[in-house]
Amino acid sequence: QAGNESHLLTTGDIPVVKVDRGGQVTYHGPGQLVVYLLLNLRRKKFGVRELVARMEASIVELLAGFGVEAYAKPDAPGVYVNEAKICSLGLRVRKGCSFHGLAFNLDMDLEPFNRINPCGYAGMAVTRLTNIADNIDREFVKDSLIEILVKRLGYIERTNANSLEDIDVR
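When the letters of the sequence shown are read in order and numbered with this note's numbering, they come out as residues 262 to 431.
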């Protein structure tokens, strides 16, 4: 399921790694929040499309908390602000379990996206949270995203949870 190499334009010194997930070419780098969702979808009783919808809704809710209007597109998974992608999704499901997840552009250098066709779309605009909201605290964003994902994926967070390890996922 690796992305089409024609979407790699001028990667230069950026390492290219093929992975076994859906979707096309993307870039991961410092300043991104990358969340891997390792879920038993059979136990949760929802499929891949439902998982994608819940992931997208989580990012939309997160951004709404910063006063940013974001949305998902039915024909191009991910989350967008003013037609620019701020969050990419890439999943693989094997034996009913999900692998990989989402990459949210928080405060990263966006230049490497000019070296590829992001998600297989030539000229796709990308953005980051620090371009559209002020006074962003990375830890607050991370903690907020965890809280929203836990809720939208149907888990119950303990009131004293400090990390994902503290969350009861049974």
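Note that the Cβ used here is the ideal one computed from N, Cα and C, for glycine as well. This structure is a prediction, so every number in the text was calculated from the model and none was measured.
In its own chain, which residues sit with a C-beta less than 7 Å from the C-beta of residue i, not counting the 5 before and 5 after it?
i: K334; result: Y341
i: G415; result: K305
i: G384; result: none
i: G290; result: M369, D370 and P373
i: D404; result: none
Between which residues of its own chain and residue i is the CB-CB distance below 6 Å, once the five residues before and five after are set aside?
i: I320; result: V340 and C348
i: E317; result: A333 and V340
i: D274; result: none
i: F327; result: A394
i: V430; result: The predicted model places V430 with a pLDDT of 47, which falls under 50 and marks its position as unreliable; any figure quoted below should be read in that light. Hits under 6 Å: Y416.
i: N375; result: none
Nearest to residue i by alpha carbon, out of the options?
i: Q293; options: E344, P373 and R413; result: P373
i: R353; options: G308, L390 and A318; result: G308
i: A337; options: R310, S405 and A394; result: R310
i: K412; options: A364, T287, E322 and I275; result: E322
i: K363; options: N343, L410, V329 and A386; result: Before going on, a small fix: residue 363 reads as Leu here, not Lys. Of the listed residues, the one whose Cα sits closest to L363 is L410.
i: L312; options: L350, T287, I417 and N343; result: L350
Contact defined as beta carbons within less than 8 Å: I believe residue i pairs with residue j. What is the distance between those atoms, to the nearest angstrom?
i: L371; j: R355; result: That belief does not hold up - the Cβ atoms of L371 and R355 are roughly 32 Å apart, past 8 Å.
i: A252; j: A386; result: Within the shown structure, residues of the chain are numbered from 262 to 431, placing residue 252 beyond reach of any answer.
i: V329; j: L406; result: Incorrect: roughly 14 Å between the Cβ atoms, too far for contact.
Return the chain-ordered list of same chain residues with a C-beta closer than 8 Å to the C-beta of residue i, the five sequence neighbours on each side being excluded.
i: L367; result: G292, Q293, L294, R389, L390, T391, I397, R399 and V402
i: A203; result: Only positions 262 to 431 of the chain appear in the structure, and residue 203 is not among them; the question remains open.
i: A314; result: A333
Legend entry - Sufficient close CB pairs (3 or more, under 8 Å) joining the region 291-300 to the region 353-366: A contact exists between the region 291-300 and the region 353-366.
Inset, instruction - Entirely within the region 304-357 and at least 4 residues each: give me those alpha helix (DSSP H) ranges in chain order. - result: 309-325
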